[in-house]
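Asks: Could you have a look at this structure, given as structure tokens, before my questions?
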Amino acid sequence: MSWKKDEDTDELGALMNLDHSAVLQEARVFNQTPIRPRQSRLLLAKILFLLYRGDAMSTTEATDLFFSITKLFQCEDMSLRQMVYLTIRELSTISDDVIMVTSSLMKDMQPKSEITYRANAIRALCKIVDPSMLPGIERFLKAAIVEKSATIASAALVSGLHLFGDAKEVVRRWGNEVAEALNGKALSQGPSFFGGGGAAAGAVTSTSNIVQYHAMGLLYAIRQHDRMAVLKLVQTFSGQSRGGGGGGGGGWLGGGGSGAALRSNMAHVLLIRYAVRVMEGDAGLAGQLQALLGEWVRHRSDMVSLEAARALCQLRGVDGKELAAAVNALRVFLGSPRATVRFAAIRTLNALARTQPEAVQPCNVDMEGLITDGNRSVATFAITTLLKTGNEASVDRLMKQMQGFMAEISDEFKAIVAEAVRSLCRKFPAKHGVFLAFLAGVLRDEGGFDFKRSAIEAIIDLARHVPECKEAALAHLCEFIEDCEFTKLSVRVLHFLGDEGPRTPRPTMYIRHIYNRVVLETAVVRAAAVSALAKFGAAPDAAAADDAALRESVRVLLRRCLDDRDDEVRDRAAWALRMTAAAPTRTKYVRDDSTFALAVLERKLAEYCASPAAAAEGAFSFAAVPRVSRAQEEELRDRERMETMDAVLTGSATTIGGTAAGTGTGPKPAADSLSPSATPAPLDAFALQAQHAARLNAIPELAAFGAQPLVSSAAAAELTEPETEYVVRCIKHVYAGHVVFQFDVTNTIPEQIMEQVEVAMEPANDDAAAAAAAGLAPVVVVPIPELRAGEPGSAYVAFERADPAEFPAATFACTLRFVVKECDAATGEPIDGDEGFEDEYSLEAVDLGAGDYMLATYLPESHALWETLGAASEAVEVFALAAFDSIEACVASVAALLGMWPLEGALRPKSKAAHQAVFTGRWMGAAKVVARTRMTYQKGAGVTMELAVRSEEAAVSALVVGSVG
């Protein structure tokens, strides 16, 4: 039958050159009598190929084609019917009146139909059915969930997952049936663990692995907002780890868990992930969860064991014994004959080595054996992990081994290697020669943009943080741009040469390479080269003869650029000649690389244009617009890069037990007391503050405050635990004459509706707090009219400062007050006749401190500003901070508490014993403030800090220093 094989091969090859119109013309074969199964099946394959290829099909064409295909239901050919189901599902999204085929599909999903018909009909029907019609076929789907056939049960469960987004209330009613399908034989003998009896008389006697997997996913989707139900789900199936497969081992978390059998390894992996989410909602269960994960690490299935080990490695604060068990299990998997298992194990160890390299060190011998692994992905992760866990003595040997396989791996893994070397440069700066030689070598090799960019950034990072190798690094960069095929990388290197080249002992050696780009490169690169030359023309010391000669030489080169054929290059050259002509302009426009926070600048310009009174007072003032230094921006990018690398290595954008990467908000965290948990703030806080201002101005009761400048908006402070029934967080907004407290409230109880939700704020129960709060008079309370489960809302309380010259620091006791009404959890509608009752809920106290009146902003020339402000405005105090176990944590908390901007290097101490940091800001967005700290750390005694503050207003200095006490 070789001729038959050749015929099929020709037909499949013809699919690659299909014509849209020709296929639609061929659709007439569907109307022929009798039906021709083989030709119809081939035509359906062509139609599907067109749809998957992305060919546009009009609604009219799709509708005509759809109803032509429905005539094929008259044919009983099994393979043709399967193609009909698949094509109907694909056409349903672009056709009209597809609901007309419902009767044919419902006929095929009847219990007496063929198994293949039923499963495919269920999938197709749930794809096209309208959510309002779902109750009509609900009983068929519920019966299908508990069918003995795994094909039918799996089709119904997967359809339920697809329908859940549009018909949550209907799918939630299938909980008992889904639980019965999940438990299989165990639940056919008794009621469901969620209560209630079985759904069908012919209860399931056994459950296949795929059915358990799909049932686990759907049951969690149904119960995910009911924390106790999810906890019970984990409890029910965790008993088997302690008491055996179907026995009654003592269940987890104390309950008498049934220990129901969970035969599907994929379902077990889902259970592990749900168990971790349970721990996230209740930190008190962390110890028991870790013990449970420790048992699952020893599971007979590699899949389950790997997932449990991965979860343990990503949990924060995990017990050392349990972590060691996870690492040992991963160590065993490193020797697996299957490449996928080795890859999963080494990737998990790689992510763990970023935070706890000492825990991974026992695996170093095994990882060294993977450097020559046939799978280059495994070898890449092995060597990058060794770079993180090895010592300085092993660097040379590892770098030589890396050079051997760099040409054999993809650009994606080359970039990972470059990032690993970049991190290692800071860990072992004494080995900068080895690192620099390796990075310069890989730049000469073939590679894509992402890989070359990673190598360039690694060299730049090395030059910036290791002064001894700066000149060598700059020389390698100059060599790179001589033959660089990527415009963006040439621009990046030229920009860096312009920043660092003038500060080297021999700046003229770099000018030649930069000017070569003006002669030989494209317009974009020429423009970047002109900007770099301008920085060489802005000599650091205007009085030095050498600098003056260098400046004049650069100006000669810039004059030649005035004849360039590109207007951008000419404009930059003209600007550079103008700006480098005099010392003041050089300092202000060339050497000062700070910039305005664009989000705040845009908002203040809009407010200025919208206010006739402000325009009448005079020109727009930039004093209240915060500035951002380039060094701070690069520091933020570096932190984001590290978080992104963590997400790549763990395969997730978030870490278990942690927060999403890059989700920090606010110019200063809500740290109203000096605590080790405070963290530095990212730069996107200014954009967030602009969003807050627009939101507040849209509220009628608070719109009048918009005429005043919004000084600052603090990051959200949690006032409740995340697992409580009411989750509340507070954001403080400080205006020129008012303080607004924003309370974001979330109701987590589906059976309740909250009405007239507001927060009552009273001074704390002590005389000092009452006296401090006396300067604040409540003026506006904005409640939330109605709050349903899962729909957060915001309530507001506004205070007016009685004396504009006073800045009260107060502590408020907060109480959430509301009216509770019962409602139907499925529909969310209130129960008739329920008038509700008043209730209240105690919250954590809210502090208003000096840092809330401060606008964190970068102030250039901070040293000169410190001297200008003078000792007359200085306030100094020494503090003993025993709660901190490192200087780095103390610096971050000081920055958060003072609400000030940490200058370059402040957040990254070079010594663990002593550190000096400088912070800048503007009090109420106006008066300049500079703070200097000197810190020493001694084990057992904590951190001793001397804080000195100078300000344009002497009283402000005392207020800032007093906020720490």
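Just so it is clear: in the sequence shown, position 884 is 884 by the numbering used here, and no numbers are missing.
We put the beta carbon where it would ideally sit given N, CA and C, even for glycine.
Just so we're clear, the structure is a prediction, and the values are computed from it rather than from any experiment.
(1) Can you confirm whether the region 595–613 touches the region 566–585 when touching is taken to mean that 3 or more C-beta pairs between the two stretches lie within less than 8 Å?
(2) Quick check: what's the CA-CA separation for A311 versus P337?
(3) Would DSSP call S951 helix, strand or coil?
(4) Here's the rule I'm using: 16 or more other beta-carbon atoms within 10 Å means buried, otherwise exposed. How should E307 be labelled?
(5) With C-beta atoms as the reference, is V29 less than 8 Å away from Q39?
(6) Can you check the region 466–526 for any alpha helix (DSSP H) of at least 4 residues that lies completely inside it and give the ranges in chain order?
(7) Between the alpha carbons of Q689 and S712, how many angstroms are there, rounded?
(8) CB-CB under 8 Å to F438, same chain, minus the five flanking residues each way: which ones, in chain order?
(9) Identify every residue that forms a DSSP beta bridge with C561.
(10) Can you tell me which of the three DSSP states S974 falls into?
(11) Apply the 10 Å Cβ neighbour rule to G251 and answer buried if 16 or more other Cβ atoms are within range, or exposed otherwise.
(12) Could you check what DSSP says for G287 in three-state terms: helix, strand or coil?
(13) The beta strand (DSSP E) with Y735 in it runs from where to where?
(14) Measuring CB to CB, does A455 end up less than 8 Å from V442?
(15) Contact defined as beta carbons within less than 8 Å: I believe R746 pairs with V727. What is the distance between those atoms, to the nearest angstrom?
(16) Taking DSSP as the reference, what is the three-state secondary structure of H915?
(17) Kindly indicate which residue of Q25, E90 and A27 has the alpha-carbon position closest to the one of R53.
(18) Tell me whether the region 520–538 and the region 551–566 touch, counting them as touching only if at least three CB pairs, one residue from each stretch, are closer than 8 Å.
(19) In the DSSP assignment, the beta strand (DSSP E) including S713 goes from what residue to what residue?
(20) In the structure shown, what three-state DSSP assignment does W901 receive?
(21) Cβ of A215 within 8 Å of Cβ of R223?
(22) Just to confirm the assignment, what range does the beta strand (DSSP E) spanning C814 have?
(23) The alpha helix (DSSP H) with I784 in it runs from where to where?
(24) Where does E307 sit, in a helix, a strand or coil, going by DSSP?
(25) Closest to G925 by C-alpha separation, out of E485, V625 and M109, would be which residue?
(26) Take A703 and list the residues in its own chain whose beta-carbon comes closer than 7 Å to its own, dropping the five residues that flank it on each side.
(27) Verify whether the separation of the beta carbon atoms of L334 and M303 is less than 8 Å.
(28) Ordered along the chain, which non-local residues of its own chain (more than five positions away) have a Cβ less than 7 Å from that of N350?
(29) Would the beta-carbon of F164 fall within 8 Å of that of A221?
(30) Beta carbon of V360, beta carbon of A326: below 8 Å?
(31) Take T116 as the anchor and find which of R81, L947 and A167 has the nearest alpha-carbon.
(32) When burial is assigned at 16 or more other CB atoms within 10 Å of the CB, is K388 buried or exposed?
(33) In the DSSP assignment, what are the bridge partners of K928?
(34) In or out: D373 buried (at least 16 other Cβ within 10 Å) or exposed?
(35) Buried or exposed: where does S842 fall if 16 or more other Cβ atoms within 10 Å of its Cβ makes it buried?
(36) In three-state DSSP terms, what is L719?
Replies: So, from the listed chains and residues:
(1) no
(2) 23 Å
(3) strand
(4) buried
(5) yes
(6) 470–481, 487–500 and 508–520
(7) 7 Å
(8) M399, M402, Q403 and V421
(9) The partner list for C561 (beta bridge, DSSP) is empty, contrary to what the question assumes.
(10) Given that the chain is displayed from residue 1 to residue 965, the structure contains no residue 974 and the question cannot be resolved.
(11) Low confidence applies to G251: its pLDDT is 37, below 50, so where it sits in the model is not reliable, and the reading given next is rough at best. The residue is buried, with at least 16 neighbouring Cβ atoms inside 10 Å.
(12) helix
(13) Y726 to Y735
(14) yes
(15) Here residue 746 turns out to be Thr, not Arg, going by the sequence shown. The pair is a contact, with the Cβ atoms about 4 Å apart (cut-off 8 Å).
(16) strand
(17) E90
(18) yes
(19) L710 to S713
(20) strand
(21) no
(22) A810 to E822
(23) No alpha helix (DSSP H) holds I784; the beta strand (DSSP E) holding it covers I784 to L787.
(24) helix
(25) V625
(26) N697
(27) no
(28) F381, T384, T385 and L649
(29) yes
(30) no
(31) R81
(32) buried
(33) R922
(34) buried
(35) exposed
(36) coil
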